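Residue numbers (my numbering): 575 to 827.
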């Protein structure tokens, strides 16, 4: 259920690389528990938008606030520790480790703990319980002992989402979560995102080229073109917007 509490606020953010503006005067306000899709043609600035939020890039100008605290200029680990999780277009896992161990690394990191022989049994049990809670959430409990590298592409994307959730984020950024998937895996990914959103209450922002997915699950859609926001509204509003049709959706949209 949506509420009126803002979790992320982006004010007049520009990200320049030399004379090229990847983002130009971007403003965006995200409320808690929104499921916001960020769409646009290739090169529109979607991934750069994620990169400035998560600290990979420091904006050339503008300010970013998370839960009322300014975060532009913080390091990536500092931003993660504030409660922002992220998945990537290209899967980012520990390929030689099991599914369980991939998620356990995230849980231990969040708790600022390491695996040591002298750790007490109760603490290890707590960690194990949390790992399995996350694996249940992303439907991978039965694959807990499987090495990540041999998972299907769809399951690897699920595992990456589980790793992002291991930090118990308030805001989850998903960069093209269905990239490289076939039709059946795409449907499963859509259902998983909706399920995670409903069960955890986490705010989700995702970039996506699959417009059927965007229109199916989003509570709101923001459209980028050439680094600028050209539209921001409900699915119905975006479908009807003539500027969006011309720039992105095509005349038949």
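C-beta: ideal position from N, C-alpha, C; glycine also.
Owing to the predicted nature of the structure, the values given are computational and were not obtained by experimental measurement.
Leaving aside the five residues before and after residue i along the sequence, list all residues of the same chain whose C-beta is less than 6 Å from its C-beta, in chain order.
i: residue 748; result: 661 and 780
i: residue 517; result: It is not possible to answer for residue 517, since the shown part of the chain is limited to 575 through 827.
i: residue 580; result: 603 and 605
i: residue 618; result: 798 and 799
i: residue 818; result: 797, 805 and 812
Which of helix, strand or coil does DSSP assign to residue i?
i: residue 579; result: coil
i: residue 726; result: coil
i: residue 781; result: strand
i: residue 762; result: helix
i: residue 744; result: coil
i: residue 618; result: coil
i: residue 599; result: strand
i: residue 593; result: coil
i: residue 756; result: coil
i: residue 604; result: strand
i: residue 611; result: strand
i: residue 705; result: helix
Can residue i and residue j be called in contact, C-beta distance under 7 Å?
i: residue 658; j: residue 745; result: yes
i: residue 587; j: residue 633; result: yes
i: residue 620; j: residue 629; result: no
i: residue 782; j: residue 788; result: yes
i: residue 610; j: residue 794; result: yes
i: residue 669; j: residue 718; result: no
i: residue 761; j: residue 714; result: no
i: residue 645; j: residue 638; result: yes
Among residues of its own chain, excluding the 5 on either side of residue i, which ones have a beta-carbon nearer than 7 Å to its beta-carbon?
i: residue 768; result: 791
i: residue 742; result: 684
Apart from the five residues on each side of it in sequence, which residues of its chain come closer than 8 Å, Cβ to Cβ, to residue i?
i: residue 712; result: 732, 733, 735, 736, 739, 766 and 770
i: residue 578; result: 605
i: residue 599; result: 586, 587, 588, 636 and 802
i: residue 908; result: Nothing can be reported for residue 908: it is not among the residues displayed for the chain, which extend from 575 to 827.
i: residue 671; result: 679, 721 and 722
i: residue 726; result: 759
i: residue 601; result: 584, 585, 586, 587 and 803
i: residue 784; result: 752 and 760
- Message: Using a Cβ distance threshold of 8 Å, determine whether the region 734–742 contacts the region 670–681, with at least three qualifying pairs required.
- Response: yes
- Task: Assess, as a yes-or-no matter, whether the region 698–705 is touched by the region 645–658 under the definition of 3 or more beta carbon pairs within less than 8 Å.
- Result: no
- Task: Go through the region 622–702 residue by residue and report every complete run of the beta strand (DSSP E) that reaches 3 residues or more, in order.
- Result: Runs of the beta strand (DSSP E) inside the region 622–702: 635–640 and 658–661.
- Message: For the region 667–678 against the region 751–760, do three or more pairs of beta-carbon atoms, one drawn from each stretch, fall closer than 8 Å, so that the two count as touching?
- Response: no
- Which runs of the alpha helix (DSSP H) fall wholly inside the region 788–820 and span at least 4 residues, in chain order? Counting only runs of 4 or more, we get 809–814.
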